[in-house]
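The sequence shown maps to residues 33 to 354 in the working numbering. By construction, the Cβ of each residue, glycine as well, lies at the ideal position given by its N, Cα and C atoms. Heads up: the structure comes next, in structure tokens.
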Amino acid sequence: MRRATFRRALLAGATATGLLAATGGTVYGADDSLHVEYNFTVGFTNGFHHPAESPPGADDWDCTPSAEHPEPVVLVHGTMENMNDIWRGAAPLLANEGYCVFAFSYGGSSADDPVQGVGSMVDGAAVLARFVDRVRAETGAAEVDLVGHSQGGGPVPRYYLKNFPGAADKVDQLIGITPSNHGTTLSGITELGRVLHTLEPTNSLLQKDHPALVEQQVGSDFNRALDAGGDTVPGVDYTVIATQYDEIVTPYTNGYLTAGPGATVENIHLQQTCWKDGTDHLEASYDPVVLTHVLNSLDPQHKRPLPCQVVLPLTGPVIPTW
């Protein structure tokens, strides 16, 4: 592992607080490192209109996995996101750390539609299956690690693992950032809709072009089928990173998983590891504390201290305190 690169990034952040304030929490590593964005609003704005373009550090198809990191990392975006607007923090960070990193967009009306991840999650899992097979073929790796956000960290990869023959043999671990594993009430909106009898008419409209929004509601047919028989599959390690300030996946504990036979699960309540972190659902994929948890899950033999600091919703770190 290129741990020196990470240390240089931490040192730069700790000594350049003025730069952090001016850039909305962006930390720069060594001169030859890729820029890592820690501000969701900046990253999302820069990537939104280029959904077919890979985020920095991703999709180098000549990348050969190292002995230190033999599993390529496949990044799976969430609902109404695309690979380029949600992974401009994780992709370059992982590449700087020596991982082969790959990302893709799925679930949009076309490859050029900035709004991805709204199609059927069954179809999304099929796209993931093809992409994992391509990554394995191109890199020669036996297995990959999946890192996903929202639906991309929960129902889509879980459906893939449970329903595609041989999928569990191709994946070492699944790391979900604020995943919608057991559905969401959308801060109570779905429950209010049931009371007011507006939910079903709304769902009927959404089902045609945005079925993923219906499938992720608490109690949906998709969720009931996905959860039948347990949350996990044998041979895969699962990590869930949840924030109590999640306004999209509610309650946030719906992201947690229960380990079944032959699997392991680590459910991480972010604020129990860093009480200063106020990240919401969207900022979580850019949050340096969350991303350190991701690095530690990917390489548990070389865990690094968490950079516990104040992180704001949507805009990220204020001033580092490590």
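>> Between glutamine 183 and chain D, is any beta-carbon pair separated by less than 8 Å?
In response: The structure shown has no chain D; it contains just one protein chain.
> Ends of the beta strand (DSSP E) at glycine 180?
Replying inline: 176-181
>> Strictly by DSSP, which residues pair up with threonine 271?
In response: Ile207, Glu298
> Three or more C-beta pairs closer than 8 Å, one from the segment 124-134 and one from the segment 185-196: is that the case here?
Replying inline: no
>> Just to confirm my understanding: we take serine 137, look at its own chain, exclude 5 residues before and 5 after, and list those with CB closer than 6 Å. What are they?
In response: Pro83, Asn114, Met115, Gln148
> Since aspartate 177 contacts glutamate 103 with CB under 8 Å, what's their CB separation in whole angstroms?
Replying inline: 5 Å
> If you draw a straight line from the C-alpha of leucine 258 to the C-alpha of arginine 190, how long is it?
Replying inline: 8 Å
> When we look at the beta-carbon of aspartate 144 and count the other beta-carbons within 10 Å, is it buried (16 or more) or exposed?
Replying inline: exposed
>> Let me confirm a value: threonine 120 is counted as buried when at least 16 other C-beta atoms fall within 10 Å, else exposed. Which label applies?
In response: Rather than threonine, the amino acid found at residue 120 in this sequence is arginine. Buried.
> Which word fits serine 182, buried or exposed, when buried means at least 16 other C-beta atoms lie within 10 angstroms of its C-beta?
Replying inline: buried
> Candidates Phe134, Val326, Ile280, Gly292: which alpha carbon is nearest isoleucine 300's?
Replying inline: Val326
> In whole angstroms, what separates the C-alpha of threonine 290 from that of leucine 346?
Replying inline: 29 Å
>> the ligand NAP and histidine 109: does any heavy atom of the ligand fall closer than 7 Å to the residue's C-beta?
In response: Judged by which ligands are present, the structure shown has none, so any question about the ligand NAP falls away.
> Could you give the distance in angstroms between the alpha-carbon of tyrosine 318 and the alpha-carbon of arginine 256?
Replying inline: 30 Å
>> Does leucine 289 come out as helix, strand or coil in the three-state DSSP assignment?
In response: coil
> Using the rule of at least 16 other Cβ atoms within 10 Å of the residue's Cβ for burial, across every protein chain shown, is threonine 296 buried or exposed?
Replying inline: exposed
> Are the CB atoms of proline 211 and glycine 251 nearer to each other than 8 Å?
Replying inline: no
> Near valine 32, what residues of its chain come up, given a Cβ to Cβ distance below 6 Å and the 5 sequence neighbours on each side ignored?
Replying inline: Nothing in the structure corresponds to residue 32, since the chain is present only between 33 and 354.
>> Assuming valine 321 and valine 350 are in contact, meaning their beta carbons sit under 8 Å apart, how far apart are those beta carbons, in whole angstroms?
In response: No, valine 321 and valine 350 are not in contact; Cβ-Cβ is about 13 Å, not under 8 Å.
> Alpha carbon to alpha carbon, how far is glycine 156 from cysteine 95?
Replying inline: 25 Å
> DSSP three-state call for glutamate 69: helix, strand or coil?
Replying inline: coil
> Leaving out the 5 sequence neighbours to the left and right, which residues in its chain are closer than 8 Å to alanine 161 when beta-carbon positions are compared?
Replying inline: Tyr192, Phe196, Ala199
> Considering only residues of the segment 99-148, which uninterrupted beta strand (DSSP E) runs meet the minimum length of 3 residues and lie entirely inside it, listed in chain order?
Replying inline: 105-108, 133-136
> Would threonine 264 pass as a contact of alanine 274 if the rule is Cβ separation under 8 Å?
Replying inline: no
> Around the Cβ of glutamine 205, are there at least 16 other Cβ atoms within 10 angstroms (buried) or fewer (exposed)?
Replying inline: buried
>> If contacts are defined as beta-carbon pairs under 8 Å, then aspartate 278 and aspartate 312 qualify, I think. What distance do you get, rounded to the angstrom?
In response: 6 Å
> Would you report the Cα separation of leucine 330 and glycine 267, rounded to the nearest angstrom?
Replying inline: 16 Å
>> Suppose the cutoff is 6 Å on Cβ atoms and the five residues either side in sequence are ignored; what does the same chain contact list for threonine 73 look like?
In response: Leu346, Thr347
>> To the nearest angstrom, how far is the alpha carbon of asparagine 78 from that of alanine 135?
In response: 16 Å
> With cysteine 150 and leucine 245 assumed to form a contact (beta carbons below 8 Å), what rounded beta-carbon distance in angstroms separates them?
Replying inline: First, the amino acid is wrong: residue 150 is valine here, not cysteine. Yes, valine 150 and leucine 245 are in contact; Cβ-Cβ is about 7 Å, under 8 Å.
> Taking buried to mean at least 16 other C-beta atoms within 10 Å of its own C-beta, is proline 339 buried or exposed?
Replying inline: buried
> Where does serine 98 land, buried or exposed, given buried means 16+ other C-beta within 10 angstroms?
Replying inline: exposed
> When you compare only the Cα positions, how much space is there between glycine 262 and glutamate 69?
Replying inline: 36 Å
> DSSP state of proline 349, grouped into three classes?
Replying inline: strand
> Helix, strand or coil: how does DSSP classify glutamine 303 here?
Replying inline: helix
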